[in-house]
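Taken in order, the sequence shown gives residues -5 to 104; the numbers are from the numbering used here.
Backbone N, C-alpha and C define an ideal beta-carbon position, used for all residues, glycine too.
What follows is a short report on a single structure.
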Amino acid sequence: MASLCAVAAAAVAASACDSAKNEPSGMTADASSGGSALRVLLFSKTTGFRHLSIEAAQRALEATAVTRGWTVSTTEDETVFSSSGLAAFDVVVFLMTTGDVLDAAQESAF
């Protein structure tokens, strides 16, 4: 799952920067989940410095998701990091998290 997350995060970031002339070759709704929409979790919990741009980044990624046909859920609730909680998602994006935001069990589930 970790390698898929890294690839998907790069695809999400790249697609957010694409111009209208250059259609990206990144993930589409069909690329990762056999024809169903890519399910993305945006996790932005902070325990230290809080980036002022988190909300803007969420809006940008949500807009990208609409154009790509992805579904996006945003949370700062670390309890989603369990086997059952993560089963609802194909990709997890750690969006400007700071500090130690997961405990050992949550990291293990990821």
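Q: Taking ASP71 as the reference, give the member of PHE37, LEU32, ALA57 with the closest Cα.
A: By one-based count along the sequence shown, residue 71 stands at place 77. With distances taken between CA atoms, ASP71 lies nearest to PHE37 out of PHE37, LEU32, ALA57.
**Q.** Where THR41 sits in the DSSP three-state scheme
**A.** Your numbering for residue 41 matches position 47 in the sequence shown. In the displayed model, THR41 falls within coil according to three-state DSSP, outside both helix and strand.
Q | Residues of its chain near THR91, where Cβ-Cβ distance is below 8 angstroms and the 5 sequence neighbours each way are ignored | A | Mapped onto the sequence shown, residue 91 falls at position 97. The residues are PHE37, SER38, LYS39, THR40.
(Q) Using C-beta distances below 8 angstroms, list every residue in its chain close to SER77, excluding the 5 sequence neighbours before and after it, in chain order. (A) On the sequence shown, residue 77 is found 83 positions in, with the first residue counted as 1. Here the set comprises ALA103.
Q | Cut-off 7 angstroms between Cβ atoms - residues of its own chain near GLY93, not counting five sequence neighbours on either side | A | Position 99 of the sequence shown holds residue 93. Listed in chain order, the non-local C-beta contacts of GLY93 below 7 angstroms within the same chain comprise THR40, THR41, GLY42, local neighbours out to five positions each way being set aside.
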